[in-house]
Amino acid sequence: MSAAFAGTPAKDALDSAVIAIAAAGCETPRLDAELLLANALGVRREQLITDRELTVQGPAVRAFQDAVRRRAVLREPVAYILGRRHFRRLELAVDARALMPRPETELLVEVALTLPQGARVLDLGTGSGAVALALKDERPDLCVSASDISAQALELARVNGQTLGLEVDWLYADLLAGIPDEFDAVLSNPPYVADGEIRALAPEIVRHEPHGALFAGADGLDVVRELLAQLAQRKGVQWVALEIGQGQAGETIELARAAGFASVRAERDLAGIERVVVGERVPA
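Here the sequence shown stands for residues 153 to 436, numbered as in the numbering used here.
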């Protein structure tokens, strides 16, 4: 591959990569190839089209070769190869220590933007820190903390917080165990994939994303049940928002009501799926 790419026009190298990535069964081969080549060359994606003199040579040859191999052969997610991903207004460092932030998770941030001034908020199961950091970025008045059971994920989240200069208190914890009883609101993107659905998931997810952040029992709601059971004992938490999977809204709403949240609703994502269940102890 390096011999084919060395000193060749970027367009030719791009076309070869698209063929390899498409043959591997990836859903967006041209977009993937463009992102990987732009990264290897240190240019913006638009320049691949506008700069007809652009060639692949020097260190970029090996970098692009390796990136295409990782995408096509190993089916590694593009964001992990690039080491970064955009989430709302932020660019975050990402790798296999935590789930990749996804567009549907932005809904968690959107519903939390309505919280009262100065509210104390816990992002439980923070992963890369995406939700906590985006919320702090857009609502600096909030007192934001974030927790995770994975020390490796917390390490990544701390790096993101330091890089972005956003103040979030990072906590190592298994759900609410050991978490101070001082929060007004809890939001979470917990594991919610049913164990039996593993065969239906893309290789990018199964091979590279942490299974502990994905799977949660026979129906995918084991973690949601335990978290809401714990929140039933935390009367100070007046508001909760949980990201869930398709078809899980009905049971999650009932679990939230049983935990003492009198006003509960489901918010739909851009695909029309009931993606986030929001509960309040005092009716709105």
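We put the CB at the ideal spot given by N, CA and C, even for glycine. Just so it is clear, the structure is predicted and the values come from calculations on it, not from any experiment.
Alpha carbon of residue i to alpha carbon of residue j, nearest angstrom
i      : j      : result
Glu256 : Leu318 : 22 angstroms
Gly412 : Gly402 : 16 angstroms
Pro268 : Asp421 : 23 angstroms
Ala155 : Asp371 : For Ala155, the pLDDT reaches just 47, beneath the cut-off of 50, and the residue's location in the model is therefore unreliable, although a value from the coordinates is still provided. For Ala155 and Asp371, the distance between alpha carbons rounds to 50 angstroms.
Pro342 : Gln209 : 44 angstroms
Thr207 : Thr160 : 5 angstroms
Ala192 : Pro211 : 8 angstroms
Leu407 : Val195 : 49 angstroms
Leu287 : Asp164 : 42 angstroms
Leu327 : Pro362 : 17 angstroms
Val230 : Glu179 : 12 angstroms
Arg204 : Ala215 : 21 angstroms
Gly399 : Ala162 : 45 angstroms
Val283 : Leu379 : 18 angstroms
Ala352 : Thr266 : 36 angstroms
Leu226 : Ala381 : 40 angstroms
Val358 : Ser297 : 29 angstroms
Arg221 : Asp333 : 48 angstroms
Ala365 : Val430 : 21 angstroms
Lys387 : Val338 : 12 angstroms
Ala190 : Met252 : 20 angstroms
Glu356 : Val345 : 15 angstroms
Glu426 : Val213 : 45 angstroms
Ala436 : Ala172 : Only weak support exists for where Ala436 lies, its pLDDT of 49 falling under 50; the value from the coordinates is given anyway. Rounded to whole angstroms, Ala436 to Ala172 spans 54 angstroms at the Cα level.
Arg409 : Glu228 : 40 angstroms
Trp322 : Ala329 : 14 angstroms
Ile331 : Gln385 : 13 angstroms
Gly152 : Gly424 : With the chain covering only 153 through 436, there is no way to say anything about residue 152.
Leu373 : Leu188 : 36 angstroms
Asp300 : Arg291 : 22 angstroms
Ala219 : Thr202 : 23 angstroms
Ala414 : Ser168 : 57 angstroms
Beta-bridge pairing of residue i - partner residues as DSSP gives them
i      : result
Leu242 : Phe239
Gly431 : Val392 and Val416
Glu262 : According to DSSP, which records beta bridges pairwise, Glu262 is partnered with nothing at all.
Leu339 : Asp275 and Ala393
Val345 : Phe367
Glu426 : Arg420
Thr207 : Pro161
For residue i, the first and last residue of its enclosing beta strand (DSSP E)
i      : result
Glu403 : From DSSP, Glu403 is part of no beta strand (DSSP E) but of the alpha helix (DSSP H) over Ala401 to Ala410.
Leu276 : Arg272 to Leu276
Beta-carbon contacts of residue i that lie in its chain and below 8 angstroms, excluding the five residues immediately before and after
i      : result
Val311 : Ala245
Glu186 : Leu166, Arg197 and Leu200
Val428 : Leu259, Leu260, Val263, Ala393, Leu394, Glu395, Ile396, Ala418, Glu419 and Asp421
Ala303 : Tyr324
Asp289 : Arg240, Arg241, Leu242, Leu316 and Leu318
Gly348 : Ala370
Ala248 : Tyr232, His360, Glu361 and Pro362
Residues near residue i in its chain [Cβ-Cβ closer than 6 angstroms; skip 5 each side]
i      : result
Ala250 : Gly279, Ser280, Ala305 and Leu308
Val170 : Pro181, Arg182 and Ala185
Gln390 : Asp336 and Arg433
Leu294 : Ala271 and Val273
Met153 : At Met153 the pLDDT is 43, less than 50, meaning the model places this residue with poor confidence and gives no usable figure here.
Ala437 : No information on residue 437 is available, as it lies outside the stretch 153 to 436 that the chain covers here.
Val375 : Pro342, Pro343 and Ala368
Ser340 : Leu276, Gly277 and Leu394
Leu176 : Contrary to the premise, residue 176 reads as Ala rather than Leu in this sequence. Excluding residues within five positions, the ones whose Cβ falls inside 6 angstroms are Ala224.
Val320 : Ala284, Lys288, Val296, Ala298 and Gly313
Val416 : Ile405, Ala408, Arg409 and Gly431
First through last residue of the alpha helix (DSSP H) which encompasses residue i
i      : result
Ala215 : Pro211 to Ala224
Pro355 : Pro355 to His360
Asp247 : Counting along the chain, Asp247 falls outside any alpha helix (DSSP H), and DSSP gives it neither H nor E.
Ile233 : Val230 to Leu234
Gln199 : Gln199 to Thr202
Ala381 : Asp374 to Leu383
The ligand SAM heavy atom lying under 7 angstroms from the CB of residue i
i      : result
Ala271 : Absent from the structure shown: the ligand SAM. Ligands present: none.
Residues of its chain near residue i, where Cβ-Cβ distance is below 7 angstroms and the 5 sequence neighbours each way are ignored
i      : result
Arg237 : Ala231, Leu244, Val246, Met252 and Pro253
Ser383 : First, the residue type needs correcting, since residue 383 is Leu and not Ser in the sequence shown. These residues qualify, in order along the chain: Val338, Val389, Val392 and Ala411.
Arg452 : Nothing can be reported for residue 452: it is not among the residues displayed for the chain, which extend from 153 to 436.
(request) Could you name each continuous alpha helix (DSSP H) segment of 4 residues or more that falls completely within the stretch 158-189, going from the start of the chain to the end? (result) Within the stretch 158-189, the runs of alpha helix (DSSP H) that reach at least 4 residues and sit entirely inside it are, in chain order, 162-175.
(request) Jot down the residue ranges of each uninterrupted alpha helix (DSSP H) in the stretch 278-336, minimum 4 residues, whole runs only, in chain order. (result) Within the stretch 278-336, the complete alpha helix (DSSP H) segments at least 4 residues long are 282-290 and 303-316, listed from N- to C-terminus.
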